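S.K.: Line by line, the protein sequences are chains A and B. Residue numbers for the first sequence follow the numbering used here, so the first one is 42 and each next one is one higher. Residue numbers for the second sequence follow the numbering used here, so the first one is 42 and each next one is one higher. Sharing a structure, written as structure tokens. Questions coming.
Protein chains: 2
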Amino acid sequence: MEITQTDGKARTGVIGTVRGEIRTPAFMPVGTSATVKAMKPETVRETGADILLGNTYHLMLRPTAERIANLGGLHKFMNWPLPILTDSGGFQVMSLAKLRKITEEGVSFQSHIDGSKHMLSPERSMEIQRLLGANIVMAFDECTPYPATRKETEKSMLLSVRWAKRSYDAFHNGSDHARDNALFGIVQGGVFEGLRRQSVAALKEIDFDGYAVGGLAVGEGQDVMFEVLDYTMPQMPKAKPRYLMGVGKPDDIVGAVQRGIDMFDCVMPSRSGRTGQAFTRRGTVNMKNSRHIDDPRPIDAHCGCSACKDYSRAYISHLIRSGEILGPMLLTEHNLTYYQDLMAGLRGAISAKSLDDFVDEFHKTRARGDVDAL
Amino acid sequence: MEITQTDGKARTGVIGTVRGEIRTPAFMPVGTSATVKAMKPETVRETGADILLGNTYHLMLRPTAERIANLGGLHKFMNWPLPILTDSGGFQVMSLAKLRKITEEGVSFQSHIDGSKHMLSPERSMEIQRLLGANIVMAFDECTPYPATRKETEKSMLLSVRWAKRSYDAFHNGSDHARDNALFGIVQGGVFEGLRRQSVAALKEIDFDGYAVGGLAVGEGQDVMFEVLDYTMPQMPKAKPRYLMGVGKPDDIVGAVQRGIDMFDCVMPSRSGRTGQAFTRRGTVNMKNSRHIDDPRPIDAHCGCSACKDYSRAYISHLIRSGEILGPMLLTEHNLTYYQDLMAGLRGAISAKSLDDFVDEFHKTRARGDVDAL
């Protein structure tokens, strides 16, 4: 990646891929089952997204990676020509699959959709991500549960390191795909500084194209998460992308950018949109709340998304109450626009070396609350 | 309306409104609760729609006509600047409401949403449609059930005639709205020629801006429906718009256009889209069928909608199977495009005085079937 400017520990720059550039810090909308729910891909692009995340676990089960490969790959399948990062399946197999069994070889499990039996291993995960045509491939790891003892966490981290090496070897198997695309390692080690340091060191030894921090935002709380970043980030290579997986709320992202993270993904803006929550500079707004039903103003008069340009709170509130599909469509578009605007603001502030001021203003505006006065 | 060309009994032309022109024969997508389900209004426009239909019954219950009026009217509320026709509520109150009671005054009923008590009468229906800001207002009528005896049908038709007169008087109460917008009467009389003739004569006496044929497509079958049109249409004023309510399947529309109908509405293209059905020139395709899951071709290579330009059958089939919102979004867009393309074809054929050839080709293509060879 090219780092164009730094401000404290924060950095802004560009990650180049064969599918185009990713401006960092970047937020990746989640397109679990080959679609960002309730959104056309061109609308996702209009919100400002440079890259999407796809889920190996979901896609391997339905419609299957082999089927997507036969149809020309995930980009063509879902009509998203820009970069795609796929996760390894390690996280979802632990959170969604039934009857999982972890061995040194990998994880055998039953599909949550139809109970069919499957296996994920570093080699199979690399094969699936290659079949999908991912531009950024994630190493297969075990996402350590939280809480876990130091001993449990160490055992899990060491397994992830061995799987990381096998992922690296499987990725670099001579395929054209490996030549044109990137593989990221995932730092584990829970909330234990020594284990995080040990994990980073082992992954650096393997030499990945980028490094993710995994196993956070799993219930430990923001203070603990930031503490882990505080001691983990200085160990990570400066010249390579750093990705905080599954994070997060807007203030999580702001704090992580201050600590040197370049990439994020989270279902929050899209999932919240489907349940009637709107993100704004002054906090979240529940569009189901009855105070909106006569309100002619947009969710946020300063937002440029079509939900804010063309519709009132009253209308969006009506759609959500009536269970109309257009409600999730508009709120997802708004929330993704909010997230991408936040990332653009962070990038601009780092470029101007005024990140502290930006962050102060961010927190002050939120603390003011009063989302009705936007 | 301006009739620019006729071909047999069929006509093509333009209905002018303060919100823009409606090219006829016209198909009106149904925007029941102030939204065409799963569609942004700009996408509905892109399919070729000149006018939408809104439902008085749904809107009076939620969010209420008074609320929409306070927010600037239905056009602004739902971001549809073009013409809107609203029905009178007469049909839905019979098919959806609970504990209905019909008197000479009107219909009292309970909401199917929350059980709250309401009343619809000719005067209240006119008031609601005025509050919504409809460009074409429908007279309040009783939709006669099918089957019904001649006696029952006559009684119902005569009630509708009395309500039509009250609708006319209430509409023309001196409001600005009546000056700028139109009121259509609704011909009833079931499947009885004498009663249909009597209904038309009585409505012509009142002198509406357009005339609808109601009480069809309620289970009587296409042959009976066409028979009713065959003897009803010659009675209707030639210079005014003729609207066949709630119709229909593509071949219903083609046959009705041949008999002189100018306007249609139906939930079929949007509702079918949400259940995985795609309309094509060769008939309907069930996108849930497993034969599509590896098919790289679009639903219809000759269709210009974004579902056909950007996506494969395999992908749309995946979306529908996975319950993804983008599935209904794309299929609704495709189906509405199919309907609007059919209307454009009918208008073109009438203009060229080649409607018979167009209709022959329409039926031949459908009879050929083989939707996989589109």
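Heads up, the beta-carbon is just placed ideally off N, CA and C, and yes, glycines get one too. These figures come from a predicted structure and were not determined experimentally.
By the 10 Å Cβ neighbour count, where 16 or more other Cβ atoms means buried, how is Tyr-272(A) classified, buried or exposed?
M.R.: Answer is exposed; the Cβ neighbour count stays below 16.
S.K.: Beta-carbon separation of Val-148(B) and Leu-140(B) under 8 Å?
M.R.: No, these two residues do not count as a Cβ contact at 8 Å.
S.K.: Please check the pair Arg-338(A) and Ser-353(A), which I expect to be a contact at CB under 8 Å, by giving their CB distance rounded to whole angstroms.
M.R.: That pair is a contact at about 6 Å.
S.K.: Can you list the residues of chain A that Ile-334(B) reaches, using a CB-CB cut of under 8 Å?
M.R.: Those within 8 Å of Ile-334(B) in chain A are Pro-104 and Arg-108.
S.K.: Taking its Cβ as the centre, do 16 or more other Cβ atoms sit within 10 Å of Asn-176(A), making it buried, or is it exposed?
M.R.: So Asn-176(A) counts as buried.
S.K.: Taking Gly-260(B) and Gln-229(B) to be in contact with their CB atoms under 8 Å, please state how far apart those CB atoms are, rounded to whole angstroms.
M.R.: The Cβ separation is near 15 Å, so there is no contact.
S.K.: Would you kindly report the start and end of the unbroken alpha helix (DSSP H) that includes Gly-226(B)?
M.R.: Where Gly-226(B) is concerned, there is no enclosing alpha helix (DSSP H), although the beta strand (DSSP E) it sits in stretches over 223–228.
S.K.: Taking 8 Å as the cut-off, does the region 100–113 of chain B touch the region 387–400 of chain B (at least 3 CB pairs, one atom from each stretch)?
M.R.: They do not touch, by the three-pair rule.
S.K.: Here's the rule: buried if 16 or more other CB atoms are within 10 angstroms of the residue's CB, otherwise exposed. What is Ile-154(B)?
M.R.: Exposed, because fewer than 16 other Cβ atoms sit within 10 Å of the Cβ of Ile-154(B).
S.K.: Near Leu-360(A), which residues of its chain fall below 8 Å by C-beta distance, leaving aside the five closest residues on each side in sequence?
M.R.: The residues are Leu-367, Gly-368 and Leu-371.
S.K.: Could you please give the first and the last residue of the uninterrupted beta strand (DSSP E) stretch that includes Thr-58(A)?
M.R.: That run of the beta strand (DSSP E) goes 51–58.
S.K.: Should Gly-293(A) be labelled buried (16 or more other beta-carbon atoms within 10 Å of its own) or exposed?
M.R.: According to the sequence shown, residue 293(A) is Asp rather than Gly. It is buried - the Cβ of Asp-293(A) has at least 16 other Cβ atoms within 10 Å.
S.K.: Sort out for me which residues DSSP pairs Asn-214(B) with in a bridge.
M.R.: Paired residues: none, contrary to the question.
S.K.: Which full runs of the alpha helix (DSSP H) of 4+ residues lie inside the region 138–191 of chain B, going along the chain?
M.R.: Complete alpha helix (DSSP H) runs here, min 4: 163–173.
S.K.: At a Cβ threshold of 8 Å, is Glu-87(A) touching chain B?
M.R.: Chain B contact via Cβ: absent.
S.K.: Should Val-71(A) and Cys-346(A) be called a contact, given that it needs their Cβ atoms to be closer than 8 Å?
M.R.: It is not a contact, given that the beta carbons lie outside the stated cut-off.
S.K.: Which of helix, strand or coil does DSSP assign to Asn-120(B)?
M.R.: Asn-120(B) falls in the coil class under three-state DSSP.
S.K.: Does the beta carbon of Ile-177(B) sit closer than 8 Å to a beta carbon anywhere in chain A?
M.R.: No, no contact with chain A.
S.K.: Taking Cβ positions, are Ala-258(B) and Tyr-284(B) nearer each other than 8 Å?
M.R.: No, they are not a contact pair.
S.K.: Looking at C-beta atoms only, is the number of pairs between the region 202–219 of chain B and the region 179–187 of chain B that lie closer than 8 Å three or more?
M.R.: Cβ pair count under 8 Å is three or more, so yes.
S.K.: Taking 8 Å as the CB-CB limit, is Ser-74(B) close to chain A?
M.R.: Chain A contact via Cβ: present.
S.K.: What residue range does the alpha helix (DSSP H) around Arg-407(A) cover?
M.R.: Note, Arg-407(A): alpha helix (DSSP H), 396–409.
S.K.: Could you check whether the Cβ of Ile-361(B) sits closer than 8 Å to any Cβ belonging to chain A?
M.R.: No, Ile-361(B) lies away from the interface with chain A (no Cβ there is under 8 Å from its Cβ).
S.K.: Would you say Asn-111(A) reaches chain B, if we count a Cβ-Cβ gap shorter than 8 Å as a contact?
M.R.: With 8 Å as the cut-off, Asn-111(A) counts as an interface residue toward chain B.
S.K.: Within the 8 Å Cβ cut-off, does Pro-122(B) reach chain A?
M.R.: Taking Cβ atoms only, chain A never reaches closer than 8 Å to Pro-122(B), which makes this a no.
S.K.: What is the DSSP secondary structure of Val-232(B), counted as helix, strand or coil?
M.R.: The answer is coil: DSSP assigns Val-232(B) none of H, G, I, E or B.
S.K.: So the candidates are His-343(B), Asp-411(B), Ala-319(B) and Leu-383(B); which of them puts its Cα closest to the Cα of Gly-296(B)?
M.R.: Nearest C-alpha to Gly-296(B): Leu-383(B).
S.K.: Using the C-alpha atoms, what's the distance from Ala-67(A) back to Gln-263(A)?
M.R.: Near 20 Å, if we compare the C-alpha coordinates of Ala-67(A) and Gln-263(A).
S.K.: Only counting runs of 4 or more residues, tell me where the alpha helix (DSSP H) segments fall wholly within the region 318–343 of chain B, in order along the chain.
M.R.: Complete alpha helix (DSSP H) runs here, min 4: none at all.
S.K.: Excluding the 5 residues preceding and the 5 following Val-326(A) in the sequence, name in chain order all residues of the same chain whose CB lies nearer than 6 Å to its CB.
M.R.: Only Ala-319 and Val-412 meet the Cβ criterion.
S.K.: Tell me, to the nearest whole angstrom, how far the beta carbon of Gly-130(B) is from that of Ser-166(B); I am working on the premise that it is less than 8 Å.
M.R.: That belief holds up - the Cβ atoms of Gly-130(B) and Ser-166(B) are roughly 5 Å apart, short of 8 Å.
S.K.: From this set, Ser-313(B), Leu-270(B), Asp-351(B) and Asp-336(B), which residue's C-alpha is nearest Lys-50(B)'s C-alpha?
M.R.: Closest by alpha carbon: Leu-270(B).
S.K.: Got a sec, what are the start and stop residues for the beta strand (DSSP E) Ile-63(A) sits in?
M.R.: Its beta strand (DSSP E) spans residues 61–65.
S.K.: Look at the Cβ atom of Leu-244(A), then the Cβ atom of Gly-231(A), and state whether they are nearer than 8 Å.
M.R.: For Leu-244(A) and Gly-231(A), no; Cβs fall outside 8 Å.
S.K.: Tell me where the alpha helix (DSSP H) around Asp-264(A) begins and ends.
M.R.: Counting along the chain, the alpha helix (DSSP H) containing Asp-264(A) begins and ends at 263–273.
S.K.: For chain A, find out if any of its Cβ atoms is closer than 8 Å to the Cβ of Tyr-352(B); answer yes or no.
M.R.: Chain A, which has a Cβ nearer than 8 Å to the Cβ of Tyr-352(B), makes this yes.
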